[in-house]
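Under mature numbering (1 follows the signal peptide of the UniProt record, and there is no 0), the letters of the sequence shown match residues -21 to -1, 1 to 192, in that order.
For glycine and all other residues, C-beta sits at the position ideal for the given N, C-alpha and C.
Data block below; observations after.
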Amino acid sequence: MKLIKFAFFCFISFVSTQVAAHPHSFLDLKNKILVEGTSLKGFQMEWTMDEIASAELIYEVKSSSDREATKKSITAEMVQTAIENHYFSYLYNAKDEPLKFTTKPSNTTFRIAGNKVIFYVTFYLSRPYDLKNNPIRLYTYEPSYYMAMEYNNKADLTISNSACKATLEQPKVNSELRLYASSLDKTQTPDMPEGEDNTLGAQFAQKVVAVCE
């Protein structure tokens, strides 16, 4: 089970050592923004791992003599890793101040869908945030950009209160930065500046904006 944490976040290598460029693994995002009235409570997310990253977990489950116990153990490791990494999500208020999450997520589980693993997690703000004319920005990414975490479609982002609005914006990445990312192989990490917002992953991250008017 010690490999599970690394398999989940794509640091077990199943691909050729000849492969170059970041990212090396891909995780598809779905996100339902949880709003009661105009109060932002949290985020209900689905993370779908690519087939290569999923392979170790699928093997772990299918080769187990007690699949339910194995799934429970894997889920616990996934949850702990997500908590330790702030759910790979960075939230800012209208004044560009960071907002924190609790360490008590809910609805945590995973399932195998074909050759992929889907992890479900709902996590909450430490304090509810009033979205009435106060937009928030949310970024979800893995800082080194070894793993790309992306919404594939606008429909993958929803909000529970239809009177509020959630939009998805693509990052503006110049050709020089793309070239730098493509020059990194699997054994390399980028030169990481201080501060989360300056990491390679942050610069490639999509922006979610939510507000109630």
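Quiz item: Cα separation between N10 and Y99?
Solution: As the crow flies, the alpha-carbon of N10 is around 10 Å from that of Y99.
Quiz item: If you compare alpha carbons, which of L147, C143, N177, E148 is closest to G16?
Solution: Of all alpha-carbon atoms in L147, C143, N177, E148, the one lying nearest the alpha-carbon of G16 is that of C143.
Exercise. Inspect the CB distances between the stretch 100 to 109 and the stretch 122 to 138 and report whether three or more fall short of 8 Å.
Key: Flag = no, the stretch 100 to 109 and the stretch 122 to 138 do not touch.
Quiz prompt | At least 3 beta-carbon pairs within less than 8 Å: the stretch 61 to 80 vs the stretch 116 to 124 | solution = Touching, per the Cβ criterion.
Quiz item: Can you tell me the Cα-Cα spacing of E129 and Q149, whole angstroms?
Solution: Here the C-alpha atom of E129 lies approximately 10 Å from the C-alpha atom of Q149.
Practice problem: Quick one: measure Cβ to Cβ for T101 and T54, integer angstroms, because I've assumed they're closer than 8 Å. | Solution: Contact doesn't hold; Cβ gap of about 13 Å is too wide.
Quiz item: Do K50 and V40 have their C-beta atoms within less than 8 Å of each other?
Solution: Contact flag set, yes.
Self-check item: Every unbroken alpha helix (DSSP H) within the stretch 41 to 126, with a cutoff of 4 residues, ordered by chain
Solution: Within the stretch 41 to 126, the runs of alpha helix (DSSP H) at least 4 residues long that lie entirely inside it are, in chain order, 46 to 63.
Exercise. Could you spell out the range, first to last residue, of the beta strand (DSSP E) harbouring A189?
Key: Its beta strand (DSSP E) spans residues 186 to 191.
Quiz item: Is M126 closer than 8 Å to S33 when the C-beta atoms are compared?
Solution: The answer is no: Cβ separation not under 8 Å.
Exercise. Using three-state DSSP, classify A145 as helix, strand or coil.
Key: When secondary structure is reduced to three states using DSSP, A145 falls in the strand class.
Quiz item: Under a three-way DSSP split, which group does K151 fall into?
Solution: In the structure shown, K151 sits in coil (DSSP, three-state: anything other than H, G, I, E or B).
Quiz item: Anyone know if the C-beta pair for L117 and V187 falls short of 8 Å?
Solution: Taking the C-beta atoms as reference points, V187 is found nearer than 8 Å to L117.
Exercise. Could you check if A184 is buried or exposed, using at least 16 other CB atoms within 10 Å of its CB as the buried criterion?
Key: A184 comes out buried.
Quiz item: Just how far apart, CA to CA, sit T82 and R90?
Solution: When the Cα atoms are used, T82 and R90 turn out to be separated by approximately 22 Å.
Quiz prompt | Bridge partners - Q23, DSSP secondary structure assignment | solution = According to DSSP, which records beta bridges pairwise, Q23 is partnered with K11, T101.
Self-check item: Where S33 falls: helix, strand or coil (DSSP)
Solution: Helix at S33.
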